[in-house]
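Peer 1: There's a structure below that I have some questions on.
Protein chains: 4
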Amino acid sequence: MLKVTVWNENRHEQKNPAVRDIYPDGIHGTIAEFLKAEGFDAGTATLDQPENGLTDEILANTDVLIWWGHLAHDEVRDEIVKKVQQCILDGMGLIVLHSGHFSKIFKTLMGTSCDLKWREANEKERLWVISPSHPITEGVGEYIELEKEEMYGEHFDIPAPDELIFTSWFEGGEVFRSGCTFKRGNGKVFYFRPGHETYPTYHNEQIQRVIINAVKWAQPVKREQPVYGNAQPLEEIKEKKGEGQ
Amino acid sequence: MLKVTVWNENRHEQKNPAVRDIYPDGIHGTIAEFLKAEGFDAGTATLDQPENGLTDEILANTDVLIWWGHLAHDEVRDEIVKKVQQCILDGMGLIVLHSGHFSKIFKTLMGTSCDLKWREANEKERLWVISPSHPITEGVGEYIELEKEEMYGEHFDIPAPDELIFTSWFEGGEVFRSGCTFKRGNGKVFYFRPGHETYPTYHNEQIQRVIINAVKWAQPVKREQPVYGNAQPLEEIKEKKGEGQ
Amino acid sequence: MLKVTVWNENRHEQKNPAVRDIYPDGIHGTIAEFLKAEGFDAGTATLDQPENGLTDEILANTDVLIWWGHLAHDEVRDEIVKKVQQCILDGMGLIVLHSGHFSKIFKTLMGTSCDLKWREANEKERLWVISPSHPITEGVGEYIELEKEEMYGEHFDIPAPDELIFTSWFEGGEVFRSGCTFKRGNGKVFYFRPGHETYPTYHNEQIQRVIINAVKWAQPVKREQPVYGNAQPLEEIKEKKGEGQ
Amino acid sequence: MLKVTVWNENRHEQKNPAVRDIYPDGIHGTIAEFLKAEGFDAGTATLDQPENGLTDEILANTDVLIWWGHLAHDEVRDEIVKKVQQCILDGMGLIVLHSGHFSKIFKTLMGTSCDLKWREANEKERLWVISPSHPITEGVGEYIELEKEEMYGEHFDIPAPDELIFTSWFEGGEVFRSGCTFKRGNGKVFYFRPGHETYPTYHNEQIQRVIINAVKWAQPVKREQPVYGNAQPLEEIKEKKGEGQ
């Protein structure tokens, strides 16, 4: 059974009754719930818990980590970010949601600013499937329509994704690469755009389906990790004459 | 005229007479020389200069930065690395050579460990052209053969390159993605494997040709940079009713 | 001086006065004109000329071929398509415009149906730059806006492009990967979406700029082509015992 | 239960007793056997059967098709190739083995010559894992070593693969992209190099493991296919004035 940890900074839920109304158990609670219903072993972790919620034990028991953050990216401690990065390079999957584009862990894995255009204007988003052969799109129609969402617009300052899965159309005139996969070390990363805290996006079944599919896709591959460092030759190396070393 | 700065930590040259014999003006001097002969405005910068050789003025006057480091990656100050990263995101080209795979700037841009297998055994390397339509291969034969080089072997822990230009065969039994392009922000990055300090690799004309081609390829694109942050709608957004924000 | 051949089926111009009004010298004439003004050696070729306009001599004198077709894809003879494909594999650049997505040559190079959604409804298109470091975007703003164009919408059935340069937003609710690069053999291919015959799209300076940039990008690399077939070993192969061959 | 059809031209087995000794039930028989042992519903099809072994019924009952051919590529009828291409665009997985690089179906899907260097010299091949996070490498070590194989060398004239999974080292001095994924339409394609008919390659457990993993990876995604053609607008399009259509 796949072990999923849903991490959330869990601040909007504490501050804003409108968010709490939509997500009474927090965004993390809602996401964990539909993952459990799918048969995953899903737990939650939040910023204000010890070790920012990500103790060694929890990380060791996580196949796929889901990340939602916005207000408090800077409060995630650097040594925790380093640990999470190492877990990913060691094979853990990572799903970064919405405003997590500016999280330390995502920026660290991308190497770029991860900046973008944005606007909160109750506008329509339509996520078009670009890669219909990809398992992350299983059971999803040609597009997912969200009546009201925050806008994120290009240019999105990320490395070209390994695979572009969704591209969003926004009512106000922008487009956005809203579903992107990246491989880092032995781990797989999926960025998925929707999920502004004041909208019921994570209650949308199509959005849930994408996250469920992404968890399966991001699961670690069972194999021994590569060995790095000084290596003995596998074949005989001939002696050579003359200058150089 | 393209402005190139060749950065070198310049330590092996000071410590090891064998290296000094091969590169009397330092690796940076040799590289700058053949770039000048090609018509570039090429200067050098070294670790022990003020600001690690990379003052704001020098960076502002650099279209493409070439990087060679090995012994002293840690001595490059973090704020200098941040500045260089920003310059690349703003459009400066970067060519990372050989042991620069472990430089702070390359690891920062990749988001991975950049680790690999290695061995110093005077062994033969043969770099095969994988992407014959790429301008970095202009004037280069089917492969470049180096009689004696250090071995770097897979797995090379980098993100999948945007373009794979060369793959090396090593006498001792390994392979390596030895010419890789990456885009980051408005900038372009080329990693090129060969160039262990105890071999005359940068005197090889085919190797020089690749570096010259890479400088041209990596030059900044003349355009205004994208604008990020809050954005006004370009189209009218309809008012919507009901819950959510 | 780069040699460009602008190929056009040149049928709408003969049948539809509205098209002729916009392009009195044909779409090919307009494109060739702005390419000449840029300093290229640009000629034209049309379907109804001998050999579909693409004689061996013309192909041999073409560095980059531009392709516009729509009504008469089937009239391009298969042996001409094969020749053009071979020229591209040998290094010639190809720029496929708009409805050329359904040309024999593009479908042959892609291996897919190249199908898409479409609609003629005088609607607004906005092409967003996705890859700001790419030379095809030189001198182009954050987006190009076209007041009226035909809509092409995803899913666009092509292989994932090597580089995604532009993505279009359409007024009617769709998105489209409207600037895509592909490498095939020793040649480079750029697909660029805009250019429905009843709109003055190729008179737009930003559109012209993209095509000019694309010609430069697509030019052949000067190098000897790879050698294929039976190959002598470059290293000694040890004799082995036992079964097998 | 995944339905796999193993297609083999089955000619070497008829002509060459040495091949028959290694594969008494044909290459297809050996591959189908280990796939069945893994729990797949695996059948076989061969060139000399009606419809080249690929009737509509068989294709309709195939989730993943495996392809081995060499001597008789030209005998596969063009209309069968078209049908297989359509099945792949509709979602069927395809695994092309070894000399299948020159099959009509692979060349059609790639759009290139698919040419390469080759040599039969009983030489050692070592397939290095390049993408350790990819499910096709599950349970596979850092490399797979084959004591004796035919050599295939770069340049391999294919489009840049979507994912590069393995790269081969050859004793005679060449390298080769020996495990490559491609997406085409709704289908997924994996090319896997090893398997010359005079060597017992498909009896190797690591090679079997890769093929088993590839079958799982290449399985169709359960979703409705994209709709193509003329499309009604999803949003209101404003009337515009002036010239153009």
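Chains as they are written, first to last, in my numbering: chain A, 15 to 259; chain B, 15 to 259; chain C, 15 to 259; chain D, 15 to 259.
Glycine included, each C-beta is placed from N, C-alpha and C at the ideal position.
All values derive from a computational prediction rather than experimental measurement.
In its own chain, which residues sit with a C-beta less than 6 Å from the C-beta of Q99 of chain B, not counting the 5 before and 5 after it?
Peer 2: If we look at Q99 of chain B and ignore the five residues flanking it on each side, its Cβ neighbours are T122.
Peer 1: Measure the C-alpha to C-alpha separation of E163 of chain A and M106 of chain B and round it to an integer number of angstroms.
Peer 2: About 35 Å.
Peer 1: Assuming I80 of chain C is part of the alpha helix (DSSP H), what are its boundary residues?
Peer 2: Here I80 of chain C belongs to no alpha helix (DSSP H); instead the beta strand (DSSP E) covers 78 to 82.
Peer 1: Just to confirm the assignment, what range does the alpha helix (DSSP H) spanning K96 of chain C have?
Peer 2: Per DSSP, K96 of chain C belongs to the alpha helix (DSSP H) from 92 to 103.
Peer 1: Do we get a CB-CB distance below 9 Å when we pair A174 of chain C with the residues of chain D?
Peer 2: So, interface residue.
Peer 1: Are the region 204 to 211 of chain B and the region 107 to 122 of chain B touching by the rule of at least three beta carbon pairs closer than 8 Å?
Peer 2: The region 204 to 211 of chain B is in contact with the region 107 to 122 of chain B.
Peer 1: Would you list, in chain order, the members of the region 144 to 161 of chain A that have their beta-carbon closer than 8 Å to a beta-carbon of chain C?
Peer 2: Listed by position along the chain: I144, S145, P146, E156.
Peer 1: How is the beta strand (DSSP E) around N22 of chain D delimited, first residue to last?
Peer 2: From DSSP, the beta strand (DSSP E) with N22 of chain D extends over 17 to 22.
Peer 1: Among A:V154, A:K138, A:S147, which residue has its Cα nearest to the Cα of M165 of chain A?
Peer 2: Answer by Cα proximity: A:K138.
Peer 1: Pick from A:A32, A:E185, A:Q246, A:W231: whose alpha carbon is nearest that of I150 of chain D?
Peer 2: I150 of chain D has its Cα closest to that of A:W231, out of A:A32, A:E185, A:Q246, A:W231.
Peer 1: Just checking: is the beta-carbon of E168 of chain B within a distance shorter than 9 Å of some beta-carbon in chain D?
Peer 2: Cβ-Cβ to chain D under 9 Å: yes for E168 of chain B.
Peer 1: Tell whether a beta-carbon distance below 9 Å holds between S147 of chain C and Y242 of chain D.
Peer 2: No, the Cβ-Cβ distance between S147 of chain C and Y242 of chain D is not below 9 Å.
Peer 1: Among D:K17, D:F54, D:I119, D:E185, which has the Cα closest to the Cα of K254 of chain C?
Peer 2: Taking only the C-alpha atoms, the option nearest K254 of chain C is D:E185.
Peer 1: Among the candidates C:R34, C:H42, C:V189, C:K197, whose CA atom is the shortest distance from the CA of D176 of chain B?
Peer 2: The option with the nearest alpha carbon to D176 of chain B is C:K197.
Peer 1: When you compare the region 67 to 78 of chain A with the region 27 to 38 of chain A, are there three or more beta-carbon pairs, one atom per stretch, that lie closer than 8 Å?
Peer 2: Flag = no, the region 67 to 78 of chain A and the region 27 to 38 of chain A do not touch.
Peer 1: Please decide whether L108 of chain B counts as near chain C, where near means a Cβ-Cβ distance under 9 Å.
Peer 2: Not closer than 9 Å to any Cβ of chain C, the Cβ of L108 of chain B fails to qualify, so no.
Peer 1: Ordered along the chain, which non-local residues of its own chain (more than five positions away) have a Cβ less than 8 Å from that of V235 of chain B?
Peer 2: The answer, listed in chain order, is G105, N200.
Peer 1: Determine, for T126 of chain B, whether the minimum Cβ-Cβ distance to residues of chain A falls below 9 Å.
Peer 2: True, the Cβ-Cβ gap to chain A drops below 9 Å.
Peer 1: Under a CB-based cut-off of 9 Å, is F48 of chain D close to chain C?
Peer 2: It does not; no Cβ of chain C falls within 9 Å.
Peer 1: So what does K197 of chain C bridge to, in DSSP terms?
Peer 2: In DSSP, K197 of chain C forms a bridge with C:K202.
Peer 1: Let me see if you follow: with CB-CB separation under 9 Å, is W132 of chain A close to chain C or not?
Peer 2: Chain C contact via Cβ: absent.
Peer 1: Are the CB atoms of T195 of chain A and V189 of chain A within a distance shorter than 9 Å?
Peer 2: Not a contact, by the Cβ cut-off of 9 Å.
Peer 1: With distances taken between CB atoms, is the gap from H169 of chain A to L130 of chain A smaller than 9 Å?
Peer 2: In contact: H169 of chain A and L130 of chain A (Cβ atoms closer than 9 Å).
Peer 1: So, helix, strand or coil for V154 of chain A, using DSSP?
Peer 2: Residue state, collapsed to three classes: coil.
Peer 1: Give the residues of chain C in contact with K60 of chain A, contact being defined as C-beta atoms less than 8 Å apart.
Peer 2: Strictly speaking, residue 60 of chain A in this sequence is Thr, with Lys absent from that position. None at all; the shortest Cβ gap to chain C is about 35 Å.
Peer 1: Tell me whether N227 of chain D is buried or exposed, calling it buried when 16 or more other Cβ atoms sit within 10 Å of its Cβ.
Peer 2: Under this definition N227 of chain D is a buried residue.
Peer 1: Using DSSP bridges, identify the partner residues of K131 of chain A.
Peer 2: Paired residue(s): A:G167, B:G243.
Peer 1: Please state if the CB of F116 of chain C and the CB of G7 of chain C are separated by a distance shorter than 9 Å.
Peer 2: Coverage of chain C is limited to positions 15 through 259, which leaves residue 7 of chain C absent and any answer about it impossible.
Peer 1: Who are the Cβ neighbours of L178 of chain C in its own chain at under 7 Å, not counting the five residues just before and after it?
Peer 2: For L178 of chain C, where only same-chain residues beyond five positions count, the Cβ hits under 7 Å are I144, S145, R191, C194.
Peer 1: I'd like the list of long-range same chain contacts for R156 of chain A, defined as Cβ closer than 8 Å, with 5 residues on each side in sequence excluded.
Peer 2: Checking the sequence, you will find Glu at residue 156 of chain A rather than Arg. Contacts found: W142, V143.
Peer 1: So what does DSSP say about T44 of chain A, is it helix, strand or coil?
Peer 2: Helix at T44 of chain A.
Peer 1: Is the Cβ-Cβ distance between A135 of chain B and P247 of chain A less than 9 Å?
Peer 2: For A135 of chain B and P247 of chain A, yes; Cβs fall inside 9 Å.
Peer 1: Under the three-state reduction of DSSP, which class applies to E253 of chain C: helix, strand or coil?
Peer 2: E253 of chain C falls in the coil class under three-state DSSP.
Peer 1: Where does the unbroken alpha helix (DSSP H) through V235 of chain B begin, and where does it stop?
Peer 2: That residue, V235 of chain B, is in no alpha helix (DSSP H); it is neither H nor E in DSSP.
Peer 1: Just the chain A side, please: which residues come within less than 9 Å of R140 of chain C by C-beta, in chain order?
Peer 2: Correct list: G187, E188, V189.
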